[in-house]
Amino acid sequence: MDQDILLGTYVFGLAIFLGLEVINRVPSTLHTPLMSGTNAIHGIVLIGAMIVLGSADTWWLQVLGFIAVVTGAANVAGGFMVTDRMLGMFKKRPAANAASDQGKGGQGR
Amino acid sequence: MDQDILLGTYVFGLAIFLGLEVINRVPSTLHTPLMSGTNAIHGIVLIGAMIVLGSADTWWLQVLGFIAVVTGAANVAGGFMVTDRMLGMFKKRPAANAASDQGKGGQGR
Amino acid sequence: MIEDGRTAIVDLSYLVASALFIVGLKQLSSPATARRGNQLSILGMAIAIVATFLLPEIEGDNLVLIVVGIVIGTAIGIVPARQVKMTAMPQLVAAFNGMGGITAALVSISEFSQKSEVGRGEGLSIVLGTLIGAVSFTGSAVAFLKLQERISGRPIVFPRQQLYNAGIFAAIGLLGLLVIVLQDGNFARSLLVLLFLASLALGTLLVLPIGGADMPVVIALLNSATGLAAALTGFVLGNQALVIAGALVGASGTLLTMLMAKAMNRSVTNVIFGAFGAIAPGAAGAAGGGEAKPIREISVEDAAVPLAYAQRVIIVPGYGLAVAQAQHAVRELADLLEGRGVDVRYAIHPVAGRMPGHMNVLLAEANVSYDRLYEMERINDDFARTDVALVIGANDVTNPAAREDTASPIYGMPILNVDQAASVIVLKRSMKSGFAGIENELFHNENTSMLFGDAKESIDRLIGAVKAA
Amino acid sequence: MIEDGRTAIVDLSYLVASALFIVGLKQLSSPATARRGNQLSILGMAIAIVATFLLPEIEGDNLVLIVVGIVIGTAIGIVPARQVKMTAMPQLVAAFNGMGGITAALVSISEFSQKSEVGRGEGLSIVLGTLIGAVSFTGSAVAFLKLQERISGRPIVFPRQQLYNAGIFAAIGLLGLLVIVLQDGNFARSLLVLLFLASLALGTLLVLPIGGADMPVVIALLNSATGLAAALTGFVLGNQALVIAGALVGASGTLLTMLMAKAMNRSVTNVIFGAFGAIAPGAAGAAGGGEAKPIREISVEDAAVPLAYAQRVIIVPGYGLAVAQAQHAVRELADLLEGRGVDVRYAIHPVAGRMPGHMNVLLAEANVSYDRLYEMERINDDFARTDVALVIGANDVTNPAAREDTASPIYGMPILNVDQAASVIVLKRSMKSGFAGIENELFHNENTSMLFGDAKESIDRLIGAVKAA
Ligand SMILES: NC(=O)c1ccc[n+]([C@@H]2O[C@H](COP(=O)([O-])OP(=O)(O)OC[C@H]3O[C@@H](n4cnc5c(N)ncnc54)[C@H](OP(=O)(O)O)[C@@H]3O)[C@@H](O)[C@H]2O)c1
Ligand SMILES: NC(=O)c1ccc[n+]([C@@H]2O[C@H](COP(=O)([O-])OP(=O)(O)OC[C@H]3O[C@@H](n4cnc5c(N)ncnc54)[C@H](OP(=O)(O)O)[C@@H]3O)[C@@H](O)[C@H]2O)c1
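Residue numbers (our numbering), protein chains in the order written: chain A, 1 to 109; chain B, 1001 to 1109; chain C, 2001 to 2469; chain D, 3001 to 3469.
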């Protein structure tokens, strides 16, 4: 077996285990933010899009790559933003300090 | 960076994360079996001993390797055996309802 | 030498980004740290993106294209993310997930075109990446349209659908095999494009027959699929950050899908293929047969009195609360009742609304104190000791059929024991069924009164009436 | 071609073994699945070992040596593992851990001799593997001797010890640097052997000053170190099974060490370096001052009566129970009392005995029903409502100084509130202190009676007396 592929398999397998492990005891309230947060994380495929567009050498590969970069960036930016907004609402819970919380929401990168 | 070393680092890092994650909520009763079980697992270094002894080409490398194989095998065999014995005693606990409990374990999930 | 240093920095950045994703994801799954976790992931993503610009492959015209693409994409993503209403969250997540899916598919296709002599492992990764990415794209699109109610939320089934699916699937398998064997060349590329198109069709056909209520589960599953597709593209590019982030999402997403399905007492298979089986006709039949049994309608004034003089009230919010955007009004009503010495609590069913945690988000938005929200298990035994259960736009999560009627499609789902309260007031607009499409016996019970109308309006009027009482 | 197929099988086997270790470790950390988890790890290990024989490097004479070595090693490991008493578990684990440590060090040294032109990363791995493996070996050996009481359990300190340690450490650093820079050659090999010897010395010196009671924590830490050393050898060999298994143990072992230290209300740093600080002299002083205050001795007959006529009895087992192997006798006594209608429970302190879970293992061995064992938090409030607390060979875990005396070395450790019981009967052989080496005010309390003698004998006599009562 090619050494690189073998190692890649190890990395993949370990990450799978880790993914299963990390989620283990998530309360149902967090299901939606978790879905949306992981959704943003797989936007990492944007990196792939950047790389293929970077080395695109025909116009149609440029078109493919460009679309991919746009959609990938939308996935990343929108996904993280909406997750942060959602979690921001959760934070508001302690009723009294709503005002201060809104301030926090603004700060959230 | 050399690709192999880089990938090795990934594997190492992911395994570290996993190791931390997996142990997370272990009850104190299991501390000793866990210590002894992980102790047996690091006996995997026996594989390393087998490989270096396998390609040993001077008498003193053979001696080193041989000792390493012996100690490594002792680590593996003894470690697993003692862990199993210890856990066997734990199992005995539910004096009366051992049977029904086993049933419950099966249903889980 | 400079190249070397740059690559080292990129490698290191990817390593750091991967670690940040892991830690971020871990923190995301615990309430106290969730937001910080998301922010760590954002940091990881930023590091990975910036580092990628250092790669020697990226230069010249294409660099400009990349920057422009990122700017446009970011704008496309951020605008709706900032403006969308909380009720529309699920469809937005579906939309972003579809974006990720199409990205993975396009990247896979580009990889195939750019490489010469694609190895078997890489070929397989490319084929699977294209397939999964495309299915995730159209699947998410259908889910989006269903949730936006641009197309019917009802399962859409047509004759011999399974046969078509099987045909398309076989075709994809064949095309994939050819692509992997051919390794290279324009013919293989055309085949891969065909495979892409077939996968788009497959994604559509797979999700159309699934009911709208199951969409959150479907989205979670497609989300996990997109993660896998991303990991596969990373495999081909030899990019471990992609592999790790993708695999993390793939694995955690799968688990999450199962957890969500479990909260609805369904199996994932049942969710995906349920419409092909017995449920669809049964549900349709049940929905049609309603309106016959007697119900007790109540006026706002009559409803206000028992509320105002109750000792214990439990509010049961459901999807209708979200539709009516009545959360602020509800809070006002609750404050008013509490001011009169009534003990008011909220009973939160895990799948009330259209996404898990939907009710929590909504009520949090209205500043309802967190310690007033009770999860199902914690409050279910208290209904029997409650004077009034005020059901606001909830339906399926209160349906006693889940407890009693083994033939019901929701049989076995844990529900809120609303029917055990001394009296029940239900706020909804009509006798129409909820998302499961089945009738609710609760509405015909002796101790149940129906207060018809939009939830927001009804509550506003209730507030007035309680003040007057 | 055959070679290729063989390597593929080996690679695959290592992959499977790694997965089995992960799943095994996960199951090992939950009571219901622990034993199965250990067995999965055994399976993984077996697969990895068998697969290794397929490697092309392994052939001829050396193959024979390997087989002989494995047979001998297995025998060496299995015999004591089968025969050892439960009380001697910790030292046995220490012994096996030391074996693993020396293996890792020897493998590292061999790697260095076999490779020509050792890269910097590899060099560092080899140096660290040798260092850590050797320290783990002698450290474990000292821990073993202390626990076997071949050498004193007391912290062994001598003047300027820290200076020596620092010197050795500096030497090791220098040697390591040279080895890495030289990369190769007989001179570098000799330096590595020197480094090995220095590390052996360092391991000894680091563990000698640590008190015997802290040995379990030390062993956990050395265990984690050996894991790390194993991972490092795997790095050099390019063997991912070694890297993963080693890293798993390294990480989980570190966490476990911290958990164990936490249960004793100590920090790991305090455990390792405590003897250099204030604790050693303080503890010694306190131990010397005993025997002055009054105590109340009691006869077996006098002790039997309150037990026989009590309503509620709590048995507090400690290390002395293990030493006396009195678990079966205790169970007999408890059965007898229960037969008379007495409510008998066991209070289990998390660090009673010499390893976590020590008491559980012992009492399980005597078939004490699990639902009679109460963890500290669950039973601590009940002492105040208890007629007799029967303390059997426990000392430190009942010491009120942990609650009250801020100057005490165990101050802050959670203890069993034995002193709140109506009366306390303590079974031990003398007024000697426990492993923390400090006096116990409990023994001088008004409501405490001391029943001196070996725990097993005292209980046997108590049984007779209760029967007669
Ligand atoms: N939460 C999740 O994660 C999730 C995920 C997937 C599926 N689901 C499913 O969604 C359902 C959730 O149950 P649910 O009880 O919350 O909702 P539901 O069963 O869908 O019922 C919602 C009710 O609200 C009423 N309504 C709609 N708009 C309203 C308005 N403006 N004012 C007043 N009433 C209004 C509707 O009746 P009218 O039309 O008569 O007004 C409808 O019967 C379950 O079947 C669950 O399995 C949930
Ligand atoms: N469990 C763990 O994981 C762990 C780990 C590290 C350290 N430790 C430490 O170990 C200590 C455990 O506390 P502990 O209360 O269980 O034990 P302890 O404080 O060590 O006291 C044990 C007592 O048993 C008595 N004893 C010994 N042999 C006996 C026999 N044959 N018959 C009757 N009595 C006998 C001894 O007194 P005589 O000599 O007078 O008989 C001694 O005072 C704590 O300090 C803890 O921090 C525990």
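Note that the Cβ used here is the ideal one computed from N, Cα and C, for glycine as well.
Cβ-based neighbour list, residue i, same chain, cut-off 7 angstroms, excluding 5 preceding and 5 following
| i | result |
| --- | --- |
| C/E2117 | Q2183 and D2184 |
| C/L2396 | According to the sequence provided, residue 2396 of chain C is Asp. The question's Leu does not apply to it. So the qualifying residues of the chain are I2410, G2434, F2435 and A2436. |
| B/V1026 | L1034 |
| C/T2130 | A2105, S2108, I2109, L2192, L2195, F2196 and S2199 |
| C/E2332 | I2463 |
| C/V2023 | L2040 |
| C/D2405 | Y2411 |
| C/D2454 | A2324 and R2429 |
Supposed contact pair residue j and residue i - C-beta distance, whole angstroms, cut 8 angstroms
| i | j | result |
| --- | --- | --- |
| C/S2041 | A/A40 | 7 angstroms |
| D/F3112 | D/L3228 | So it is not a contact: roughly 18 angstroms between Cβ atoms. |
| A/H31 | C/M2260 | 6 angstroms |
| C/R2461 | C/V2300 | 5 angstroms |
| D/M2991 | D/P3414 | One cannot answer for residue 2991 of chain D here, as it falls past the ends of chain D, which runs 3001 to 3469. |
| D/I3047 | D/S3013 | 5 angstroms |
| D/N3270 | D/V3249 | 24 angstroms between Cβ atoms; not a contact. |
Residue i: first and last residue of the uninterrupted beta strand (DSSP E) it sits in
| i | result |
| --- | --- |
| C/R2345 | D2343 to I2348 |
| C/F2158 | Element bounds for C/F2158: n/a, residue is neither H nor E. |
| D/A3389 | V3388 to I3392 |
| D/S3458 | Where D/S3458 is concerned, there is no enclosing beta strand (DSSP E), although the alpha helix (DSSP H) it sits in stretches over A3455 to A3468. |
| D/Y3411 | Looking at the DSSP string, D/Y3411 is not in any beta strand (DSSP E), and its letter there is neither H nor E. |
Status (buried if at least 16 other CB within 10 Å, exposed otherwise) for residue i
| i | result |
| --- | --- |
| C/L2197 | exposed |
| B/P1033 | buried |
| A/G13 | buried |
| C/I2279 | Residue placement at C/I2279 is poorly supported in this model, since its pLDDT is 42, which falls under 50; the coordinates are not used for a value here. |
| D/S3408 | buried |
| D/D3302 | exposed |
| D/L3174 | exposed |
| C/A2034 | buried |
| C/F2187 | exposed |
| D/A3170 | exposed |
| D/I3049 | buried |
| D/R3082 | exposed |
| A/Q3 | exposed |
| C/K2293 | exposed |
| B/G1088 | exposed |
N- and C-terminal bounds of the alpha helix (DSSP H) containing residue i
| i | result |
| --- | --- |
| C/L2307 | V2300 to A2308 |
| D/K3262 | Q3240 to A3263 |
| A/Y10 | Q3 to I23 |
| D/L3131 | R3120 to L3147 |
Beta-carbon contacts of residue i that lie in its chain and below 6 angstroms, excluding the five residues immediately before and after
| i | result |
| --- | --- |
| D/R3296 | S3449 |
| D/V3107 | T3233 |
| A/N75 | G43 |
| D/A3095 | F3144 |
| D/I3315 | Y3346 and L3390 |
| A/M86 | P33 |
Proximal residues to residue i (C-beta, below 8 angstroms), its chain only, five neighbours per side dropped
| i | result |
| --- | --- |
| D/M3001 | Residue placement at D/M3001 is poorly supported in this model, since its pLDDT is 48, which falls under 50; the coordinates still yield a value, given next. Closer than 8 angstroms at the Cβ level, and outside the excluded window around D/M3001, lies no residue. |
| D/I3168 | A3198, A3201, L3202 and L3205 |
Counting pairs of Cβ atoms below 8 angstroms between the segment 3376-3389 of chain D and the segment 3355-3366 of chain D, do you hit three or more? no
Flag this pair as touching only if the segment 3083-3099 of chain D and the segment 3316-3335 of chain D have three or more C-beta atom pairs under 8 angstroms; answer yes or no. yes
If you pair each beta-carbon of the segment 2013-2033 of chain C with each one of the segment 2062-2075 of chain C, do three or more pairs fall below 8 angstroms? no
Within 8 angstroms, do at least three Cβ pairs link the segment 2202-2218 of chain C to the segment 2140-2153 of chain C? yes
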